[in-house]
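Step one of this worksheet: look at the structure below.
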Amino acid sequence: MGKPISTSGLAMIRRESDLIGAIVTSRYLQNHPEYQDYGLDRIIEMCKVDFNHHINFLASALRRGDASIFSDYAIWLKNVLEKRQLSVNHPLEAFQYIKEEIISRIAIEDSPIVEEVINAGINVMQSHLPLTSALQRVTKATPSIYSEALISGNRSAAENIMLTKVKETRELTNTSVAIIQPAMYRIGKLWENNKVTVAQEHLATAISQSILIQAYSLSDFREPVGKKVLCSCLEGNMHTLGLQMVSDAFDTAGWESSFLGANTPNLAIMSQIELERPDTVALSLSMPQQLATLEQLIDMLRSEFGAQCPNILIGGLAINQNQSVIGQLAIDDFFSDAKKLHSSIKLSGSSK
């Protein structure tokens, strides 16, 4: 990793991200008057959304001085575009404009890291070699009868596969990680490759969530151990399925688990912790830009509760993709998936 951008430089990017996005959009459309034939208002809105995504991932990479965060995003984006037979010239041009706009606004000592990070993304976009993102490396997207049932929207077939296995094993967590997790990774990969629609992906998630609820009552539970855990997705994280499995893992291990769900602001999490006083807090983040939110929450927890602070566990795709950040965070442990966490809880009787 390189030297992170200065605090003032990062603050400028976050403060002026909308303005930079608007300027980049204007510059892009001036260079492409042909897009006006497709409905200017619609094109402007699409550009703003795309460019703000670029800037958010860029800010996360600059904050840590880690070009791989942005280059991984570029690999993913390139694959999504190419599978839809769309040109990568659109983000390439945007990356260049974003670089110019940011460098014109920051201190000269911050310019090298901005150049390094954005150029890493540009190089990926221009490469003709097959590239694999961190997301592809940490997820096992294996085909299965369960995933095919989800893709076709066959709820009863999916239920039969999962519930039959849980009835046989009386083991919810290991079964859900073995069946549901790889199926959802595969469907995400199929969406990336333009093989399934957003609607199919959302339906697959909804079916799996409802099946988890049914399977919960079929699993064996340990005797209560007298401990509480609060599980929450950080603000911006809409992906709850993995953390639902984590919450269920604690429940079946004898803990009392509160599951707050998706997109929960830090202040709301703090308020619920104050109310419940759990022994452990399990937090999930799906994107690198949520690391800043995580660090803010950790600071709030340590400051507010001091020696009485609950154990802090973190997990989610953003952590699995960027495990190098774990040692830089004031946490107690991390979970790569619910199965490994469940094994740890059963062996030690705690979350550490």
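Under the numbering used here, think of the first position of the sequence shown as 750, with each following residue one higher. For glycine and all other residues, C-beta sits at the position ideal for the given N, C-alpha and C.
Excluding the 5 residues flanking it on each side, residue 935 has same chain C-beta neighbours closer than 7 Å at 890, 891, 892 and 896, in chain order.
Contact check for residue 800 against residue 774 passes: the beta carbons are separated by less than 8 Å. Pairing residue 1021 with residue 845, the inter-Cα distance amounts to about 44 Å. Distance between residue 961 and residue 925, taken at the CA atoms: about 8 Å. Counting along the chain, no alpha helix (DSSP H) covers residue 1005; the unbroken beta strand (DSSP E) around it starts and ends at 1005-1008. In the DSSP assignment, residue 827 falls within the alpha helix (DSSP H) that extends over 816-832. Under DSSP, residue 1064 takes part in a beta bridge, and its partners are 1033 and 1084.
Where residue 977 is concerned, the enclosing beta strand (DSSP E) starts and stops at 977-982. Per DSSP, the unbroken alpha helix (DSSP H) holding residue 844 starts and ends at 838-852. With fewer than three CB-CB distances shorter than 8 Å, the region 988-1001 does not count as touching the region 943-951.
The beta carbon of residue 1036 sits closer than 6 Å to those of 1067, all from its chain and outside the five residues before and after it, given in chain order. Just measuring C-alpha positions, the residue of 966, 798 and 1043 sitting nearest residue 767 is 798. Just measuring C-alpha positions, the residue of 1069, 1085, 929 and 850 sitting nearest residue 915 is 929.
With fewer than 16 neighbouring CB atoms inside 10 Å of its own CB, residue 787 falls in the exposed class.
Residue 1090 counts as buried, since no fewer than 16 other beta carbons sit within 10 angstroms of its beta carbon.
In this structure, DSSP gives residue 1013 an extended state, which the three-state scheme calls strand. Proximity to residue 1073 across 761, 810, 784 and 763 peaks at 810, based on C-alpha coordinates. With a contact defined as Cβ atoms closer than 8 Å, residue 866 and residue 932 miss out at about 34 Å.
Where residue 918 is concerned, the enclosing alpha helix (DSSP H) starts and stops at 904-918. Residues 820, 823, 824, 827 and 880 of the same chain have their beta carbon placed closer than 7 Å to that of residue 873, with the five preceding and five following residues left out of the count.
If you ignore the 5 residues before and after residue 941, its C-beta comes within less than 8 Å of the C-beta of 825, 828, 829 and 832, all in its own chain and listed in chain order. If you draw a straight line from the Cα of residue 765 to the Cα of residue 752, it comes to about 22 Å. Counting C-beta atoms within 10 angstroms of its own C-beta, residue 958 has fewer than 16 neighbours from the protein chains shown and is therefore classed as exposed. With contact defined as three or more Cβ pairs closer than 8 Å, the region 1054-1069 and the region 1018-1034 are in contact. Inclusion of residue 776 and residue 808 in the CB contact set at 8 Å is not warranted, their separation being larger than that value.
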